[in-house]
Amino acid sequence: MNGRYDVNKPIKSQFEPVLPTQTKATLRMVLAGASDRAELASGPLAHIVTFTDELFRSDGTMRDVYPVLAVVASPAAAVEVEAAIKALARLATIPAPPVLRIDRDVDGVAALIQTVLESGLGRISNYARTMATELVMLRRERETLFENFRVLEDAFRARNWEPASEIFAHDVFVDPKDEGIGRLMTDGWVEQLLPVSSFGVSGFALHFRNLTRGGGEVVVTLDYVENGEGVAEWVVPFSDLAADWNFFSLPKACDGSPRTLRLRISANGSEPPAPSLGHPIASHRYAARARSPHGDLDHRPLAIKIYSGIPGVRPTALPNSIAPSSLISGRRIEDYRLPLEALRAVADVSVSPIVPDFQTIRFLEHEDAIVCHPLPAGISAGAVANVVAPGTVRFSARAVIDHAEGKPALVGFLLAPSAANLRSEIAILEREGTARRSAYFSGWRDVAAGEPVSINIMLDSPTQRTMNLVVLSRAKGDSVDFCWLKVFDFRMVRHFDVEPRGEALHVQ
Amino acid sequence: MSSEDRDLVVIAMPLYGHAALAVEALETAFASVTECRIEVVVSVDGDPRREVFDALTLYAATRPELHVIFGPNAGPGGARNRAIDFIVESLPDAKAVYFLDADNRVLPTTIDTLYARLKAEQCGWVYTNIDTFSVRWGAHYGDGYSRLTHCVSDNICDTGSMISIDVFDAGVRFDADRQNGFEDWEFWLSCIEAGFVGVPCHDTAFEYRLRAESRFKEANRDRAASLSFLRRRHKALFRRSTLVDFEHQEAPRYAMLRTGDGAIACFTDPTLEPSILDFDEAIRAFWGSAAEPDNFHFPPFLAAGSRETLKLLKQSRLWPNLLVHLERATEAANVVFVQIRNVPAERGIDIEVMPSGHVRKGRADLIFMSSTIVRDAIRNNALDWLGSIAADQVWPTVAVVKVRFPFPAEAPKRSSATPEQSLINLVHTIATSPLQAVAAKRWTWRGSRLPALSELYKQLRTEVGGAPVLPLGHAKSGKRTLALLVPNASFGGAEKVAFAAARELKAEGFETHLFVLGNGRMDVLDEFDASFDFIHFWKAGIPAWGGSNRFLGQDFIAEYHDVDWNALKGQLSGFDLIINNHVMAVHPLMARLRSEGTRTACYLHVVDETPLRRPAGQPFAAIAHEHCYDAFLTCSEQLKVYLHSYGVPLEKIYAVANAPSISVKPKMLTEIVQNRQARAADAPLRILYMGRFEPQKGIDRIHAALQDLRARNIPYEALAVGGEILAEQPSSWTGKLRELGVTVRPPIFGGREIAAILAWGDILIMPSRWEGAPLMIAEAQLVGCVPVATAVGAVDELVTDGRDGILIEGESDLKIVADLANAVESLARDRNRLGRLRDGGLFTASGRSWAASFGPFVEWCDQSVSTTPRIVTRTPNRPAEPQPSIEIVVPAVA
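Taken in order, these protein sequences are the chains called A and B.
1 is the number of the first residue of the first sequence in the working numbering; add one for each residue after it.
509 is the number of the first residue of the second sequence in the working numbering; add one for each residue after it.
Right, dumping it as C-alpha cells:
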C-alpha cells in the first residue's frame, strides 16, 4: 500500500514482504473484570486485555476492542465480566465470549492464551487476509465474466454479430490556420478523452493528414481515466500509417465497469505525422490536450471514430488496421523523461586504452543532449545514475553526429543495475559483445553525420529496480574525426501493476 | 518523506447488513495507491450478524490501520457520526475523511486523486460521478458544482466523497433522525449551510453496488415526507434570498448585452455585481447548453440596453420589479420592448401586448426575450423573422412595457447602437458560429442526471411556489427586509400611515420594499418618497375585494379563488417581515409565508360601513386570518379593543397613535403662528375642508352647515380641497359648494402644500360619518388649525373637546349639521376661544411623533424579526471572515 509512482522510489515487487509478519500488538482480545487488574496488569496478557471498567465509552460504544475471550481470576471479577457480557449483547454484533477461569496459575494460563492469540490466531489472520484479497479479485472477475457471458448470449440469440459498428464519429475539420500538432507529440503527448463508455469498445480510428518521410514511431496508448489502468499500446512506425483513417484494433473488447477511455499519442522521430483535428466543440474536457498549449487545440478534439463489435475485425471502410504492440491490461502506464539535473551529472565511464586530450563525455546545456565522442579503440560511455525507474519497459532516444565532416560511428545504450560496477559492465560488453544478464544492452546502431536516428529498446519484461542509463559509442571505421555524437530526446515508458488485479500480492 | 509527514486520510465505513461484503470494501480501501497515510474506521451499527465481529477481528489482527467501533444501532447517520467523532478525537492529524459504504468499493486511485483535488481546490468536499455495478447504471453529476441544484433538485453528491476535516471541525454532522430518509442529502445541506462547497472530480470514481432493491429506493418511496423534513430542517437554505444568491452566482437568470461595449452581464440579482461574458464565452455557453445542458449554462433570458438605461433603471428602484414583469411578459409575447418615460409625480408600469405585424411607435430603451426564442429562431432558420424587431414592422409578437418614474431632467445619453440591432448581431454571431455544426452531439458519455442549468429558474419557481421569483438575494449589510403591501399608493391617510411605518423601520435598519398590489401606479409623495429602497407594482390578477366566502357575513378570498397566486407568492416569498396594509387578496398566502420564516403583521385603520350601516371592511378579512399574523397594528386604542372583542389577543395588537404625515420646520411654524396671532379679530373665519367629496366624509353635512352659516350671516371664507368620487355621486359637490362661495381646489399631495393650506385655515371641519384616526386632524393641530370633527372612530383619541379642538357628538344628520354650524359660529364670534383651542392643538401636536407611536412595534420587530442568514462561502484552511449573519437562527413559527 501507499507506493507512489515517482522515479526515485521503488514500486512494490515480489521482493518485498507483502504481509506483516506480526499481528497488531495492541489488539485487545481478552476481557477481564476490573477487580482482576492487579493480577493481570503485569502479566503476559497485559497488552491484550481490556478490563470491564474501560470496555465502554460514555456514548455506549466500544472502540478497537475485540473480546473473543474472557478471563476471570476472582469472584468479584466474575460478576463484572458477566455484567459486561450482558452489556455486549446490547450491541448485537458481538457473540458472548467464552469465560475461562484462571484462579490458579494465572501466569501459566495467561501465557497459553497469549501464545494462542498472538501466534496461532496471527497466522490464521494473515492467511484469512490473503484469502480476502483473493476473494475480492475473484468476485470482480466473476462480475466481469457474468456480464460478458450475458453480452455473448444476447448476441448469439439475436445473431447480431456486427463485425464492427461505429458508435461515435467526429469528422476531420481543416482550419486553414492550423499549424499541425506533430511537434507536440515529440515534445510530449497529445491526449484525447473518448466520449463513449468504454464498455464494448473494440477499436478506434485516427485520421492522419499527411505522412512524413523521416523515420520514427507514433506511440498510441489507451487507458482508463478513473483508475489509470492501461488497456493497450500501439507503437507504429511512420511508414505503417496511411494518410487517411487508421484503425487501431483491440484484440479484446473493453469489459468490466464502464469507464472513460483516454488516448495518448506521442512520437519519436524528427517530423512525426500529425493526427487530424475535428470541428471545435464547446466542451473543454473533451477537447484534445497537450503538455504545452497550442492554438490548434483550442476547444478542438481529434478527428476520431470509435467502434464496438468483434475484436480484431476492422471496419470495411478502413483498410489500414493496426494491431496493438502490447496489451497492458491491469497496468498503469507512465511516460516519463529524464530530469535535466541527472543528465547534467553525466559521468565518464569509458573503457578505452586511449587517453583522449579532449572531453569525450559531456552535457550540452542548451540542447539538453549528451555528447559521447567515440575513440578509435574501446567504448566511450557516459553514465546517468539511477534514472531508469522500476517498471520501465521501453526506452528511446535520438542520436546524430553533429558535424558535417563527422565520421560515422556506432551508438548504443546499456541499462545496468544501480549497484553495478559500470566500467566492469562495459568491459564485458567490449570483450564479449553482450551484457551481463542483470543488464540490458540495446545493440549497436549506425549513425552518420547529419542524419538523426532513433534508438528504441523494448524490454522483454519491466525492469524490477532502479537502474543506471549508460550512453555508449564506438568507432565504426578507422577514423573518429569530428565524430561529435549527440544523444538527446530521452524518453522512457514504464508500466506498473494496479494492485487488485495483480497476482504479485499473493506471492509469499 | 517519513510516514508521519504524509497527510492522513481516513476512510470511514458505517457497517450494518453487509457482513458478507464489508471485507471486499476494506480490501479495496487498503489497496489504495496513494501518497497519503490511510487509516480506516469501521463503525458497526449494531449489526446483529456475528460474522461482522469475526471478520473484523481477523482483519484487525493484521491491520494496525484499522479501527473498529462497535455501537448499538443508531441508523446510518448515527453510525457515521460515531466514526467522525472518533476521527476528531483520536486521529487529530486527519486532513480528510472519505466515506465508503460497506457494500461499495474504491478504485486504487480513488483516494489519491480525490485528496489531491481537495487540496488543490481548497473546497469542502470533492465528489465523483456515480458508476454502479451489479445493476449497471451511471450518471454524470455536472462539470461544475451548484448549490442551487443541490438544494432544489436532488442530492447530487454521494457520501462516497472526500470531505475536508474542516467540515467536521466546524461541527457539521449527519442527522441521526430516523424519519430522515435522505440523511446523505441532509448532510450536504448542512455543509452548504455552514458555508462549504463541493467540487466535482471526473478523473476517478468509486464502485457503487446497486441491487434491485435498496435503501435508497426505499427512501424514495417516501420522498415527499423526506423532502419536507429537509426543508423544515434547513429553512434558511430554502429562503428566496438564499436561493436567489445561489442562482446569481451559479446559474444567472438574465444575460444583459450592453449596447455600448458589447459586454454581456449575467446576473439574477440586479443589485449585485454581474459576471461578465465576452462574445466568445457567450457563444460557447449557448451551444454548450444545447447538447450538454447539465454542464453549460446560458441564461434563460436575454436582454439588451445601454449602460445609461441600466443606470437609470437601477436608480428608479423599480428594476427588480420590472424584471419580474419582463419575465411574465415573455409568456405572452415573443419579444418585450421597454420604453422609459420621465414623469415627475408618478411611478407606474403598464404592459400592452401587440400581435404579429405590429407597426411600432418609438424605439425601445431596452429589449428582452427568452433565450428559447433565439434557439428556436436559429433551429427553424427564422433569423429574418427575429431580425424584424429592428424594423418598423415587427413580426414576432411584442409586449410593450411602459415604465414611468421621475428622473433628472437631462435625458440619458443614448447609445449609438440600438438594443434591437445589438441583440440581433449577437444572435447572428451565435447562429454562424462553427460550434453550431456539432452542437447536437453530447460528448459527456455518462447520462445526464442534473436538470438543465438554464432551466434552474423553473425549479426555483417550483421551490418557492410562485412565478416569476423576485430576483433579489440577501439585503446589503445583513439588513432585515420589510415588504409593505398596499392596494394603492396615492394620498390616502391609510397609505401615509403605512408609509410612516416603513420610514420608521427603515430608520431602524430594515431594507424596505413597497408593494402596490392590484394597481400599476403610485403618486410620488415627497414626504415618504425616500422611505422605500424598492418599489413593486403588480396589477393583474389581484382583486381589491371579493370572494364568495362569508366570515361573520363578510367576504373573504380563499386559495381557490381566481387570484394570480403565482405572482404573489413569487414576489412575496423570502421577506423577513411583511406588513399587509389592506391587501385583501394576500391574506390566504400569509400562513405559508409565515411557515417559511417570514414574520407577518396586519395594519388596520378603520371599520367601514356599508350604505345600510353594516360594519364591514378590512378588519373582518384580517380577523378571519388571525392566526396567520404575528402582529396587528391599529391606528387607535378603540380599534385595538374592537379586534380583541373578535378574539385577537391583546399582546398581538399594537395601537399606533397617528402623527402628522407632514413635517413643518420650526421657522415656518413660528411664522404661521405669528400670522395667526396677527389676524384681525373681525376678519372672516377661514373654514377649511380637505378630503374626498363623498358621504362618508360628510360632504353633505358640510354643505348644509355652510348654508346655515350663510343664513346666520356669519362672515367666513371657505376652501374645500379634494376630489369627487364620480362613480358614487350622480351630482357634483364641487358645483354645489361653489354656489355657496366656497373655493374648491383639486387634491394636493405635497407635504409643503398641505402645510400651506392648513396654515391658511383657522378651522378644519370634518363631519365624517365614520373614520379611523384621521391624519388630517393631527396635521391641522400641527400648524394651529383647529379641528371641528364628529366624534366617530378614534377621532376622540386625537381631539380633546374644548382643549385642542371641538367634537360633535350624535348620529342624526340634522343635529350634527346644527352643532357644526353652532361650533363654527361660536369660534367666529369668540376669537379668544379660537386662540385657546389653537394653542391647545399646537401643544398636543408637539407631543406627537411617529417614532414614539411606532416605538413598541419597532421593539417587537427587533425582538422577533431576524434576518435570513447569509451563506458565506468559506474555504477550508482559510478562516472565514467574521460575519454576524452566519448564525442560522430561524425561530420556529409554524
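A virtual CB, placed ideally from N, CA and C, is assigned to each residue, including glycine.
C-beta contact flag for residue i and residue j at 9 angstroms
i	j	result
VAL1024 (chain B)	ALA853 (chain B)	no
SER266 (chain A)	ARG491 (chain A)	yes
GLU82 (chain A)	ASP53 (chain A)	no
LEU469 (chain A)	VAL388 (chain A)	yes
HIS294 (chain A)	ILE281 (chain A)	no
ARG213 (chain A)	ALA243 (chain A)	no
TYR1150 (chain B)	ALA1006 (chain B)	no
ARG1339 (chain B)	ALA1189 (chain B)	yes
PHE754 (chain B)	SER654 (chain B)	yes
THR657 (chain B)	LEU958 (chain B)	yes
ALA678 (chain B)	ALA702 (chain B)	yes
ALA232 (chain A)	ILE328 (chain A)	yes
LEU211 (chain A)	PRO273 (chain A)	yes
LEU31 (chain A)	THR61 (chain A)	no
Coil, strand or helix - residue i by DSSP
i	result
THR23 (chain A)	Residue confidence for THR23 (chain A) is low, a pLDDT of 44 falling below 50, so the modelled location carries little weight; the figure read from the coordinates is stated next. Residue state, collapsed to three classes: coil.
LEU891 (chain B)	helix
ASP348 (chain A)	strand
GLN359 (chain A)	coil
ARG436 (chain A)	coil
ILE595 (chain B)	helix
THR260 (chain A)	strand
HIS1133 (chain B)	coil
SER669 (chain B)	coil
TRP444 (chain A)	coil
ALA504 (chain B)	No statement about residue 504 (chain B) is possible, as the shown extent of chain B runs from 509 to 1402 and does not include it.
THR1205 (chain B)	It should be pointed out that residue 1205 (chain B) corresponds to Lys in this sequence rather than to Thr. Correct three-state label for LYS1205 (chain B): helix.
Amino acids of chain A, ordered along the chain, whose beta-carbon sits closer than 9 angstroms to that of residue i
i	result
TYR567 (chain B)	SER125, ALA128, ARG129, ALA132
THR952 (chain B)	PRO195, SER283, ARG285, TYR286
PRO942 (chain B)	PHE173, ASP175, HIS279, PRO280
GLY646 (chain B)	SER197, SER257, PRO258
Interface partners of residue i on chain A, CB under 8 angstroms
i	result
ALA1010 (chain B)	The contacting residues do not exist; ALA1010 (chain B) stays about 48 angstroms from chain A at best.
PHE1042 (chain B)	What PHE1042 (chain B) touches in chain A: nothing, since even the nearest Cβ is about 37 angstroms away.
VAL560 (chain B)	THR93
Listed by chain order, chain A residues near residue i by CB distance under 7 angstroms
i	result
ASP945 (chain B)	Inspection of the sequence shows that residue 945 (chain B) is occupied by Ala rather than by Asp. Result: HIS279.
GLY796 (chain B)	ALA282, SER283
GLY554 (chain B)	LEU91, ALA92, THR93
Listed by chain order, chain B residues near residue i by CB distance under 7 angstroms
i	result
THR61 (chain A)	ILE577, PHE578, GLY579, ARG590
SER257 (chain A)	ASP639, PHE641, GLU715
Chain-ordered neighbours of residue i on chain B, where CB pairs are closer than 9 angstroms
i	result
VAL225 (chain A)	HIS710, ASP711, THR712, ALA713
Where residue i meets chain B, residues with beta-carbon distance less than 8 angstroms
i	result
GLY228 (chain A)	PRO616, THR617
According to a CB-to-CB cut-off of less than 8 angstroms, which residues of the stretch 108-142 of chain A neighbour chain B?
-> LEU121, GLY122, ILE124, SER125, ASN126, ALA128, ARG129, ALA132, THR133, LEU135, VAL136, ARG139
Unbroken stretches of the beta strand (DSSP E), 3 residues or longer, contained in the stretch 1247-1273 of chain B | 1251-1253
Below 7 angstroms between beta carbons is the criterion; list the residues of the stretch 64-83 of chain A that meet it against any residue of chain B, in chain order.
-> ASP64, TYR66, VAL68
Which runs of the beta strand (DSSP E) fall wholly inside the stretch 120-204 of chain A and span at least 3 residues, in chain order?
-> 164-170, 190-197
Within 8 angstroms of chain A by C-beta, residues of the stretch 532-546 of chain B in sequence order | GLU532, LEU534, GLU535, THR536, PHE538, ALA539, SER540, VAL541, THR542, GLU543, CYS544, ARG545, ILE546
Write down every uninterrupted run of the beta strand (DSSP E) in the stretch 747-787 of chain B whose length is 3 residues or greater and which is fully enclosed by it, in chain order.
-> 762-766, 772-775, 783-785
Check distances from the C-beta atoms of the stretch 800-829 of chain B to those of chain E and list, in chain order, the residues that come in under 9 angstroms.
-> Given the protein chain composition of this structure (A and B), no chain E is represented.
Continuous alpha helix (DSSP H) assignments of at least 4 residues falling wholly in the stretch 364-403 of chain A = none
Residue ranges of each beta strand (DSSP E) run of no fewer than 3 residues wholly in the stretch 1003-1056 of chain B, ordered along the chain?
-> 1018-1025, 1029-1031, 1042-1046
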